[in-house]
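If you count by my numbering, then the sequence shown holds residues -10 to 217, one letter each, in order. Yeah, the Cβ is synthetic: ideal placement off N, Cα and C, and Gly gets one too. Data first, discussion second: the structure below is written as structure tokens.
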Amino acid sequence: MADLSVQNKQKKAAAEAAIEFVKPDDIIGVGTGSTVSYFIDALGRMQIPIRGAVSSSEDTTQKLQKIGIEVLDLNQVSRLSVYVDGADEITEHGAMIKGGGAALTREKIIASVADKFICISDGSKLVPVLGHFPLPVEVIPMARSAVARALHLLGGQPNYRMGVTTDNGNIILDWSGLRITNPKELERTVNQITGVVTVGLFACRGADVLLLGTDQGVRKIVFTSGAA
Ligand code: 5RP
-10 MADLSVQNKQ KKAAAEAAIE FVKPDDIIGV GTGSTVSYFI DALGRMQIPI RGAVSSSEDT
50 TQKLQKIGIE VLDLNQVSRL SVYVDGADEI TEHGAMIKGG GAALTREKII ASVADKFICI
110 SDGSKLVPVL GHFPLPVEVI PMARSAVARA LHLLGGQPNY RMGVTTDNGN IILDWSGLRI
170 TNPKELERTV NQITGVVTVG LFACRGADVL LLGTDQGVRK IVFTSGAA
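Here is the structure:
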């Protein structure tokens, strides 16, 4: 097996730790990204008899189907026990930036339905303040310039992610130069801009548990008061 970088080892360890939240007969939500790929690998090895999964992207759907997990339409499902996903940044209060893989809209929809959001990440993702990672915003294509101007007025610099179309047929603006001290307020503000489909701030519905890969092992942080 190829030697994994420290970061990938931490991702893999965090992803494998998330298996404890998956119970027989569950329907689970599955996010997108390299950390989630390790989680799907672990699901395949563990062979827990779950009823199926709701997927946040075409990429994840393919990976789940490859290991024999039935992928369900969210409209067929009334309850998800857990949603397991990575993050680009996360605070000690469970607020996150997500969308580096452009799957933020489906990720946010599934997270909104799940009983528990389990975030899996390597140690580099835990930050005191969100915003060093450019904040992804999914936008209806015809509103690209109008939304970019509106974001610019709020501060920072929105940049068009060239060559990327989301699974929903939209474009992504990556908004850099931010220092997000009140993520819930910024999430609500950006949600109000016409043409915005989803902002990659997950603060109003943040993570419930963070499984953080570190050199000392997987640190489990349980958030009790909601993302701030
Ligand atoms: C995809 C995401 C991912 O969770 C985020 O980008 C982290 O990815 P990775 O696990 O590859 O570091 O939000 O839209």
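- Runs of the alpha helix (DSSP H) lying entirely within the region 19 to 77 and spanning at least 4 residues, in chain order: 23 to 35 and 47 to 55.
- The beta-carbon distance between Phe122 and Glu78, rounded to whole angstroms, is 5 Å. This is short enough to meet the 8 Å contact definition.
- Here the distance from the Cβ of Glu96 to the nearest heavy atom of the ligand 5RP is below 7 Å.
- Residues with their Cβ less than 5 Å from any non-hydrogen atom of the ligand 5RP, running along the chain, are Thr21, Gly22, Ser23, Thr24, Gly75, Asp77, Lys87, Gly88, Gly89, Gly90 and Ala92.
- For Glu5, the enclosing alpha helix (DSSP H) begins and ends at Val(-5) to Ala6.
- Here Val179 is not near Val186, since their CB atoms are 8 Å or more apart.
- In the three-state scheme derived from DSSP, where H, G and I count as helix and E and B as strand, Gly120 is classed as coil.
- Rounded to the nearest angstrom, the gap between the Cα atoms of Gly144 and Leu124 is 12 Å.
- For the options Ala3, Thr49 and Leu(-7), the alpha carbon positioned closest to that of Gln205 is the one of Ala3.
- Separation of the CB atoms of Gln(-4) and Ser113 is rounded to 6 Å, and the pair is thereby assigned contact status at 8 Å.
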